[in-house]
Amino acid sequence: MPAFCFLIFFHNLALQNSVPFSLKKFCIPISGRIYSHFSKSLQKGGLFINRNPNRQVYDRAFKRIFSLSDTAITNLINGLFGRDFPPESHTSRPNGDFIRLDLKGRYSDVFITIAGQHTFHLEAQTSADRLIPPRAFEYGFHYAMSTQTEADSLLFPEPMVIYFTQAKTMPDESPLHISFSGQGKGFTYRIKNFLYLAHSPKELNRKKLAALIPFQVLRFRELLKAKAPAKGSQRKTATPCMGSSCKPTFSPEEFSRLQDEIRHDIIGTIETSLQMGYLTPDDAKQLYELAGFLDEHLRSELSMKLEGASEYMKPLLPGALELPNDKYRFRIDELEKENARYADENAKYADEITRYADEILKLQKRVAELEAKHGKN
-18 MPAFCFLIFF HNLALQNSVP FSLKKFCIPI SGRIYSHFSK SLQKGGLFIN
32 RNPNRQVYDR AFKRIFSLSD TAITNLINGL FGRDFPPESH TSRPNGDFIR
82 LDLKGRYSDV FITIAGQHTF HLEAQTSADR LIPPRAFEYG FHYAMSTQTE
132 ADSLLFPEPM VIYFTQAKTM PDESPLHISF SGQGKGFTYR IKNFLYLAHS
182 PKELNRKKLA ALIPFQVLRF RELLKAKAPA KGSQRKTATP CMGSSCKPTF
232 SPEEFSRLQD EIRHDIIGTI ETSLQMGYLT PDDAKQLYEL AGFLDEHLRS
282 ELSMKLEGAS EYMKPLLPGA LELPNDKYRF RIDELEKENA RYADENAKYA
332 DEITRYADEI LKLQKRVAEL EAKHGKN
């Protein structure tokens, strides 16, 4: 089996009552065939994972959550930006691919438009980057140009960077000071920062941010980074920490406890959000799959870097399963819409049939009256 695989709750996990009854219907066991099929079919916006830099994995996983329902995405935007859009608001994802004048493509993270009027720009990061403010401004400028409706006006989307890493210090906003020669003091462009791991699962749930819960598995990453010996940390006479000498200093009990805690947080948050209507049943299933996928990738990544990591790292969500192909979800949605259309047509025809039946009854009654009258004569 390839190094990258997808996980979802297995049926025996549900039978052990680790998953509430209402979620057992999401525990779908399927075959182990996986990578070659999805490497071609899910490249565009799906969970295709490139074997290239690991940061692409988290970037693609982040983009994947915006394939959830309008309800989940609207709640996510409300929680992140402090807005109050109705949960049933329509969401759309405008094109984020832009071509610069030098013909070099620039790819933004995510633009989300709510109710066709308010646009937000989100970027995910696993490390601090001083170039984020000018990059966010560049993406915002490209978007404003592509959607310009008035020749003398540009409307930028509201930006935010979500950091999936621990940071000792991080301001609530990152400024970019923009000055125009001869036009005064200029303007300060501000990008909001959201430190994901600084928020507890309870707080994420309170803010209706369940769409981000799969990234709880990154707490493993932070633990291993904190416990692993730093390269070159040994005495000068010793061999620097490389390869097999980089063994983490945590105990199996500590790691197992953290795994159980994160598993409980993921299950609990998704279950609660589902009950509260913050997610749809299909959202919940996809978030389980995404959490399992990130867990599998993280274990694969860290076990190659740190000797001893694989000794303690068991699957977060037991049961290796193939991720259902998105095209089936889309096809099901199309069929449901088609069935609804047929139902509407059938209802219309039923009304016509009823009307014709009433007319026939009236005609039959009239014929009977005429026959009776004729018989008397």
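Here the sequence shown is numbered in this note's numbering, starting from -18 and rising by one per residue.
In this text, a Cβ means the ideal position worked out from N, Cα and C, and glycines have one as well.
Given the structure is predicted, the values throughout are model-derived calculations rather than measurements.
**Prompt:** Using 8 Å as the threshold, is the segment 121 to 130 in touch with the segment 145 to 153, meaning 3 or more CB pairs across them?
**Reply:** no
**Request:** Please look up how many angstroms separate the CB atoms of Tyr259 and Lys189, rounded, as I've assumed it's under 8 Å.
**Result:** 5 Å
**Distance CB(Ala265)-CB(Leu255) smaller than 7 Å** = yes
**Asn174 - partner residues in DSSP beta bridges** = Val142
**Prompt:** In the structure shown, what three-state DSSP assignment does Thr169 receive?
**Reply:** strand
**Message:** What does the alpha-carbon distance come out to for the pair Gly97 and Glu234?
**Reply:** 50 Å
**Straight-line Cα distance separating Pro68 from Thr55** = 6 Å
**Message:** Would Ala105 and Phe43 be called neighbours here (beta carbons separated by less than 7 Å)?
**Reply:** yes
**Prompt:** Where does Glu315 sit, in a helix, a strand or coil, going by DSSP?
**Reply:** helix
**Asked** Whole-angstrom Cβ separation of Pro138 and Thr100, contact assumed at under 8 Å?
**Response** 4 Å
**Asked** Thinking C-alpha only, which one of Lys173, Leu185, Ala53, Glu352 is nearest Phe118?
**Response** Lys173
**Request:** Compute the beta-carbon to beta-carbon distance between Ala272 and Pro182, rounded to the nearest angstrom, for a pair I have assumed lies under 8 Å.
**Result:** Between Pro182 and Ala272 the Cβ distance is about 12 Å, and since that is not below 8 Å, they are no contact.
**Request:** Going by DSSP, name the residue or residues bridged to Gln267.
**Result:** For Gln267, which the question treats as bridged, DSSP gives no partner whatsoever.
**Message:** Going by DSSP in three states, Glu104 sits in which element: helix, strand or coil?
**Reply:** strand
**Asked** With 16 as the cutoff for other CB atoms within 10 Å, does Gln267 come out buried or exposed?
**Response** buried
**Prompt:** What do you reckon, are the CB atoms on Leu364 and Arg202 nearer than 7 Å?
**Reply:** No answer is possible for residue 364: the residues shown for the chain start at -18 and end at 358.
**Request:** Within 10 angstroms of the Cβ of Tyr337, are there 16 or more other Cβ atoms? Answer buried if so, exposed if not.
**Result:** exposed
**Prompt:** DSSP state of Phe92, grouped into three classes?
**Reply:** strand
**Message:** Mapping the DSSP letters down to three states, classify Glu154 as helix, strand or coil.
**Reply:** strand
**Message:** For Thr130 and Ile159, what's the separation of their Cα atoms in angstroms?
**Reply:** 23 Å
**Request:** Note down, in chain order, each residue of its chain lying with its Cβ closer than 7 Å to the Cβ of Arg64, except the 5 sequence neighbours on either side.
**Result:** Ile58
**Asked** For His99, which of helix, strand or coil comes out of DSSP?
**Response** strand
**Asked** Per DSSP, Thr72 forms a beta bridge with which residues?
**Response** Ile95
**Message:** Taking the straight line between their C-alpha atoms, what separation do you get for Gly249 and Ser162?
**Reply:** 55 Å
**Prompt:** For Asp246, which residues of its own chain have a beta-carbon under 7 Å away from its beta-carbon, when the five flanking residues on both sides are left out?
**Reply:** Pro182, Gln197
**Asked** Should Phe168 go down as buried or exposed, given a rule of 16 or more other Cβ atoms within 10 Å for buried?
**Response** exposed
**Prompt:** Should Ala192 and Ala321 be called a contact, given that it needs their Cβ atoms to be closer than 7 Å?
**Reply:** no
**Three-state secondary structure assigned by DSSP to Ile30** = Its pLDDT being 35, under 50, Ile30 is placed unreliably in this model, and the value from its coordinates should be taken loosely. Coil at Ile30, not helix or strand.
**Asked** Looking at the unbroken alpha helix (DSSP H) that takes in Leu57, where does it start and where does it end?
**Response** 51 to 62
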